[in-house]
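Q: For the sequence shown, counting from 1, position 188 maps to 236 in our numbering; every step adds exactly one.
A single structure is presented below for examination.
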Amino acid sequence: MADDDLKACCAAAYSSDVVALLLGDSYHPGGTTLTRRLADALGLVTGGRVLDVASGRGTTALLLAGAYGVRVDGVDYSPANTALAQGAAAAAQLTEQVSFTTGDAEQLPCPDGLFDAVVCECALCTFPDKEKAAAEFARVLKPGGRVGITDVTAEPGRLPAELSTLAARIACIADARPLAEYTEILAAAGLRTLRTERHDQAMLRMIDQIEARLNLLRLTASDRLTAAGMDPAAAPATLNAARTAVSDGALGYALLVAEKPRPDRWITA
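See below:
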């Protein structure tokens with residue numbers, strides 16, 4: 049599948065109401081608790097400028113604006129998500145602090161050096177060209193600015209067949225990378241990793257949450273699952289494979305903070 053087609057497929061999936069029912073308000077393991085931990089690690093300050101890449105329906109952007117007093121620009125590939133996020137900002141009376149734009153993480157519609165921080169939650173793993181996205185993160189950051197990522201980690205060669213399909217890729221698994229590889233991708237873009245944390249238990253909790261909600265939907269809205277292209281009969285095997293992969297260390301979740309170095313200051317006599 050071509051990169052543009054894959055991006056469109058992922059965008060369509062994550063703007064689906066069925067996916068919202070399965071994942072809840074936060075589309076990533078750890079939910080808003082982990083988002084706050086990430087924000088604290090970034091050292092956000094009131095009045096700072098933050099870019100939320102793959103901003104989805106606006107949950108992270110609205111939390112950062114409301115709780116940390118920052119100005120947030122959200123970029124998402126899905127026009128439907130952009131519209132929903134704008135509506136959420138209006139409902140929260142945060143339109144003066146938060147704005148959303150439809151755009152590509154690999155070609156961010158933002159000027160150089162504008163942001164104090166870039167946030168990307170559970171999305172880098174889905175980008176076809178991760179190196180290009182990381183270079184874009186670095187480009188739009190101010191010197192001394194930080195990028196904060198929470199994302200799925202995986203050892204691709206150890207994933208079972210159930211977790212290597214297109215559906216698994218859209219679910220942030222099939223093209224996820226080991227944590228060390230994410231730091232290498234950021235380093236190649238000129239971003240120096242300051243902090244990494246494992247949050248694999250958050251992945252297990254999300255798998256349990258999806259399973260519980262899926263079982264409910266199978267009883268009450270199986271037609272909606274089918275219409276969304278999901279196979280309820282195959283889901284238990286996929287979820288069990290994911291759970292086993294986490295237990296075996298082949299799949300997990302991590303937090304990562306990196307910094308764009310400031311230019312060297314030469315001292316002259």
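Yeah, the Cβ is synthetic: ideal placement off N, Cα and C, and Gly gets one too.
Quick caveat: nothing in here was measured; it's all calculated off a predicted structure.
#1: Any contact of the segment 135-146 with the segment 165-182, i.e. 3+ C-beta pairs under 8 Å?
#2: Can you tell me which residues form a DSSP beta bridge with residue 256?
#3: Quick check: what's the CA-CA separation for residue 84 versus residue 294?
#4: Can you say whether residue 225 is buried or exposed, counting buried as having 16 or more other CB atoms within 10 angstroms of its CB?
#5: Could you tell me the distance, in whole angstroms, from the CA atom of residue 245 to the CA atom of residue 306?
#6: Per DSSP, residue 295 forms a beta bridge with which residues?
#7: Run the CB neighbour count on residue 303, radius 10 Å, all protein chains shown included, and call it buried at 16 or more, exposed below.
#8: Relative to the alpha-carbon of residue 196, which residue among 94, 300 and 102 has its alpha-carbon at the smallest distance?
#9: Tell me, which residues are paired with residue 155 by DSSP?
#10: For residue 126, list the residues DSSP reports as bridge partners.
#11: Which residues does DSSP list as the beta-bridge partners of residue 170?
#12: Between the beta-carbon of residue 77 and the beta-carbon of residue 301, is there less than 8 Å?
#13: Can you tell me which of the three DSSP states residue 79 falls into?
#14: Does the segment 283-290 touch the segment 232-250, meaning 3 or more C-beta pairs lie closer than 8 Å?
#15: Beta-carbon within less than 6 Å of residue 177's beta-carbon, same chain only, minus the 5 sequence neighbours each way: which residues are those?
A: To lay it out plainly:
#1: no
#2: Residue 256 sits at position 208 when you count from the first residue of the sequence shown. BP columns for residue 256 are empty, so no partner.
#3: The residue given as residue 84 occupies position 36 in the sequence shown. The residue given as residue 294 occupies position 246 in the sequence shown. Computed Cα separation, rounded: 24 Å.
#4: Locating residue 225 in the sequence shown gives position 177, counting from the first residue. By the neighbour-count rule (16 or more Cβ atoms within 10 Å), residue 225 is buried.
#5: For the purposes of this step, residue 245 is taken as residue 197 along the sequence shown, with counting starting at 1. For the purposes of this step, residue 306 is taken as residue 258 along the sequence shown, with counting starting at 1. For residue 245 and residue 306, the distance between alpha carbons rounds to 12 Å.
#6: Stepping through the sequence shown from its first residue, residue 295 is reached at position 247. According to DSSP, which records beta bridges pairwise, residue 295 is partnered with nothing at all.
#7: Position 255 of the sequence shown holds residue 303. The residue is buried, with at least 16 neighbouring Cβ atoms inside 10 Å.
#8: On the sequence shown, residue 196 is found 148 positions in, with the first residue counted as 1. Comparing Cα-Cα distances from residue 196 to each of 94, 300 and 102, the minimum goes to 102.
#9: As a position in the sequence shown, residue 155 is number 107, starting the count at 1. 152, per the DSSP bridge assignment.
#10: Taking the first residue of the sequence shown as position 1, residue 126 is located at position 78. Residue 126 is not bridged to any residue.
#11: For the purposes of this step, residue 170 is identified with residue 122 of the sequence shown, where counting begins at 1. Residue 170 is not bridged to any residue.
#12: Counted from its first residue, the sequence shown places residue 77 at position 29. Counted from its first residue, the sequence shown places residue 301 at position 253. Against a cut-off of 8 Å, the Cβ pair of residue 301 and residue 77 comes out as a contact.
#13: One-based indexing of the sequence shown puts residue 79 at position 31. Residue 79: helix per DSSP, three-state reduction.
#14: Output reads no: the segment 283-290 does not touch the segment 232-250.
#15: Numbered from 1 along the sequence shown, position 129 holds the residue referred to as residue 177. Only 154 meet the Cβ criterion.
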